[in-house]
Ligand code: FAD
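Numbering (UniProt numbering), first residue to last: 32 to 510.
Structure, rendered in structure tokens:
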């Protein structure tokens with residue numbers, strides 16, 4: 032807006048952004064921003080500006096702890112208007128027993144979660160706002176003072192959550208810690224709850240038809256998310272060796288070096304079936320023994336497909352996704368298996384310190400990550416992904432000083448990617464991208480400090496070593 036028409040001035044506790052300054056101010060900023068987009072001639076914006084100025088003043092003078100600011104935001108949102116409540120904004124006021132009790136036992140086309148809490152608690156409102164962008168579920172809050180409700184639901188400690196299922200069944204929601212993050216994370220992962228794809232405000236169809244939604248005939252294979260599947264790892268290796276590499280007619284220079292390092296790391300660390308490990312070891316011996324500076328891809332393929340098969344070394348050429356299966360073709364699969372493979376390899380490198388002996392990589396705690404980095408840059412079919420990964424590696428890989436830190440680095444970076452991709456086209460609505468491991472997989476990994484979610488990284492490391500350890504790899508659904 033021009034200086035003469037704008038609603039705010041430098042004297043208000045706001046930062047006035049223009050199209051020239053908005054990017055440089057907000058991008059990569061170390062603080063959170065609440066940005067108002069307004070039009071100085073719009074009646075609503077004019078009436079709203081005193082509220083906005085008041086909030087700015089309040090936040091500026093207030094304790095700037097994140098929790099305080101977050102609660103101020105909730106108050107602000109709840110109080111800023113009693114009329115004209117935006118349609119897409121869920122009600123934050125508590126519901127009464129009379130509102131909730133009739134819903135119990137009723138069938139519906141979606142879940143209802145009721146957070147029952149003390150009046151001064153923010154958990155209910157925060158969970159409502161966390162789930163605002165999700166469909167298939169409504170979150171309501173009710174107060175602990177509603178005795179007929181708490182008695183009927185059998186709730187006597189607060190906050191608690193009660194879940195009404197679409198089929199009419201209902202129960203207290205058991206979370207390991209009664210914290211906002213645990214409630215929100217549990218609800219986001221309910222089958223049939225999905226992030227809204229449209230931001231137009233148009234009503235969304237409930238997505239509760241079946242495990243894969245309409246138009247998909249095949250049912251999901253039975254799997255447990257607490258397991259890693261050998262079928263995914265072998266399918267990933269098959270795809271990598273026979274499909275992804277096939278885009279390179281010959282390997283030479285940096286690419287050949289990268290491929291050799293990759294085969295070294297996998298041959299030494301892959302906790303797989305004898306037939307596959309033997310195949311990788313033989314491939315490695317062959318690569319090391321060749322004095323060539325250039326290897327045709329066909330020669331690698333011939334070795335993997337034909338020559339080794341005769342001596343019982345064998346890698347299935349079927350794609351069989353289990354933990355990495357998608358709800359439709361084109362989602363998940365290979366990239367999921369590649370993450371999984373590298374998590375397994377970093378954990379193996381941390382648990383078997385001598386495994387890389389005599390390879391030239393034994394002294395290097397970052398050997399797996401550097402190999403992954405080079406593989407992703409040189410070969411990974413998604414070049415955009417490679418660019419992003421490289422940026423992350425440049426920024427923080429040098430700080431990794433031990434094999435344990437390498438395990439955690441990959442976990443942290445994977446979560447960064449999950450955060451960036453949540454809600455985008457590449458997300459499978461049946462397998463939403465979350466900050467992993469979710470509280471149901473690892474309750475001790477999650478803590479709250481002064482109301483803010485924090486990871487307990489010692490526990491995360493223990494969990495990663497167990498989850499991606501050889502003993503947790505299931506042979507189910509293998510060819
Ligand atoms: P994935 O993210 O593939 O995760 C696979 C499995 O790993 C999960 O099911 C879970 O069990 C486990 N997991 C999840 N998070 C973690 C964690 N933090 N630590 C340990 N285990 C975890 N796609 C893009 O669109 N843009 C990109 O920039 C991009 N960059 C990528 C970079 C790399 C190096 C790779 C391998 C893939 C990248 N992808 C990118 C693909 C994307 O990250 C997903 O792999 C893909 O969308 C499939 O997602 P998924 O739901 O199967 O879960």
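Cβ atoms here follow ideal geometry from the backbone N, Cα and C, with glycine treated the same way. Just so it is clear, the structure is predicted and the values come from calculations on it, not from any experiment.
Bridge partner(s) assigned by DSSP for residue 462
Paired residues: 459.
Measuring only the C-alpha atoms, how far is residue 219 from residue 165?
In this structure, the straight-line span from the alpha carbon of residue 219 to that of residue 165 is close to 8 Å.
Same chain, Cβ closer than 8 Å to residue 212, five either side skipped, listed in chain order
Around residue 212: 470, 477, 479, 484.
Alpha carbon of residue 156 to alpha carbon of residue 499, nearest angstrom
One C-alpha to the other measures close to 36 Å.
May I ask you to report which of helix, strand or coil DSSP gives residue 250?
Coil, per DSSP.
Please classify residue 425 as buried or exposed, where buried requires at least 16 other C-beta atoms within 10 Å of its C-beta.
Exposed, by the Cβ-count rule.
Output needed for residue 493: all residues of its chain with C-beta closer than 6 Å, excluding positions within five of it in sequence on either side, in chain order.
No residues qualify anywhere along the chain.
Pick out whichever of 134, 101, 330, 320 has its Cα sitting closest to the Cα of residue 183.
Selected option, being the one with the closest Cα: 134.
Across the stretch 269 to 280 and the stretch 410 to 430, are there enough close Cβ pairs to call them in contact, namely three or more that are closer than 8 Å?
In the pairwise beta carbon analysis, the stretch 269 to 280 is classified as touching the stretch 410 to 430: at least three pairs are separated by under 8 Å.
Within-9 Å CB hit, residue 465 to chain B:
Of the protein chains in the structure, only one exists, and it is not chain B.
Would you say the stretch 101 to 111 touches the stretch 81 to 89, given that touching needs at least three Cβ pairs under 8 Å?
Touching, per the Cβ criterion.
If you follow the alpha helix (DSSP H) that residue 366 is in, where does it begin and where does it stop?
From DSSP, the alpha helix (DSSP H) with residue 366 extends over 365 to 382.
Do residue 215 and residue 292 have their CB atoms nearer than 9 Å?
In this structure, residue 215 keeps its C-beta atom at 9 Å or more from the C-beta atom of residue 292.
Would you please state the rounded distance, in angstroms, between the beta carbons of residue 136 and residue 223? I believe it to be under 8 Å.
Between residue 136 and residue 223, the beta carbon gap of about 19 Å keeps them out of contact (Cβ cut-off 8 Å).
Check whether the Cβ of residue 253 sits closer than 8 Å to any heavy atom of the ligand FAD, and report yes or no.
No, the ligand FAD has no heavy atom inside 8 Å of this Cβ.
For a test of your reading of the model: does the CB of residue 449 fall under 8 Å from any non-hydrogen atom of the ligand FAD? Yes or no.
Taking 8 Å as the cut-off, one finds at least one heavy atom of the ligand FAD near enough to the beta carbon of residue 449.
Cβ of residue 402 within 8 Å of any heavy atom in the ligand FAD?
Not under cutoff, so the answer is no.
If I measure Cβ to Cβ from residue 88 and keep anything under 7 Å in the same chain, skipping five residues before and after, which residues do I get?
Excluding residues up to 5 positions away in sequence, 44 lie with their Cβ nearer than 7 Å to the Cβ of residue 88 in the same chain.
Give the DSSP-derived three-state secondary structure of residue 159 in the structure shown.
Of the three classes helix, strand and coil, the one that applies to residue 159 here is helix, per DSSP.
The ligand FAD and residue 504: does the residue's C-beta get closer than 8 Å to at least one heavy atom of that ligand?
Answer for residue 504: no, Cβ out of range of the ligand FAD.
Beta-carbon within less than 8 Å of residue 434's beta-carbon, same chain only, minus the 5 sequence neighbours each way: which residues are those?
Within the same chain, Cβ atoms closer than 8 Å to the Cβ of residue 434 are found at 377, 380, 381, 384, 396, the five residues on either side in sequence being excluded.
Assuming residue 264 contacts residue 362 under a Cβ cut-off of 8 Å, what Cβ separation, rounded to an integer in Å, is found between them?
At roughly 19 Å, the Cβ-Cβ gap does not stay under 8 Å, so residue 264 and residue 362 are not in contact.
beta-carbon residue 446 near the ligand FAD non-hydrogen atom, thresh 8 Å:
Yes.
Apart from the five residues just before and just after residue 491, which ones in its own chain have a Cβ nearer than 8 Å to its Cβ?
Here the set comprises 439, 442, 468, 473, 476.
Could you name the residues of the same chain whose beta carbon sits closer than 6 Å to that of residue 355, not counting the 5 residues immediately before and after it, in chain order?
By the criterion of a C-beta distance shorter than 6 Å, residue 355 is surrounded in its chain by 263, 363, 364, 367, 368, once the five residues flanking it on both sides are discounted.
Distance, residue 312 Cα to residue 510 Cα:
C-alpha separation (whole angstroms): 21 Å.
Own chain, CB closer than 6 Å to residue 505, minus 5 neighbours either side, in chain order
Closer than 6 Å at Cβ, skipping near neighbours: 258, 260.
How long is the line joining the alpha carbons of residue 389 and residue 170, rounded to whole angstroms?
Going by the C-alpha atoms only, they are around 58 Å apart.
I want to know whether the stretch 96 to 105 touches the stretch 138 to 158 - three or more CB-CB distances under 8 Å.
In this structure the stretch 96 to 105 lies against the stretch 138 to 158, because at least three pairs of beta carbons, one per stretch, are closer than 8 Å.
Span of the alpha helix (DSSP H), counted from its first residue to its last, around residue 424
DSSP places residue 424 inside the alpha helix (DSSP H), whose first and last residues are 414 to 427.
Ordered list of alpha helix (DSSP H) runs contained in the stretch 169 to 222, each at least 4 residues:
You should have 178 to 184, 211 to 219.
Taking three-plus beta-carbon pairs below 8 Å as touching, is the stretch 187 to 196 in contact with the stretch 449 to 464?
Contact between the stretch 187 to 196 and the stretch 449 to 464 is absent: fewer than three C-beta pairs spanning the two stretches fall below 8 Å.
Tell whether a beta-carbon distance below 9 Å holds between residue 189 and residue 145.
Their beta carbons are not under 9 Å apart, which means residue 189 does not touch residue 145 by this criterion.
For residue 243, which residues in the same chain have their Cβ closer than 6 Å to its Cβ, ignoring the five residues on either side in sequence?
Unreliable placement is indicated for residue 243, whose pLDDT of 42 sits below 50; no coordinate value is reported for it.
How many whole angstroms separate the CB atoms of residue 508 and residue 252, which I take to be in contact at a CB cut-off of 8 Å?
Confirmed, about 6 Å.
Could you pull out every residue in the same chain whose Cβ sits closer than 8 Å to the Cβ of residue 239, ignoring the five residues on either side in sequence?
At residue 239 the pLDDT is 36, less than 50, meaning the model places this residue with poor confidence; the figure from the coordinates comes in the next sentence. Counting only Cβ-Cβ distances below 8 Å, and skipping sequence neighbours, we find 140, 141, 167, 197, 223.
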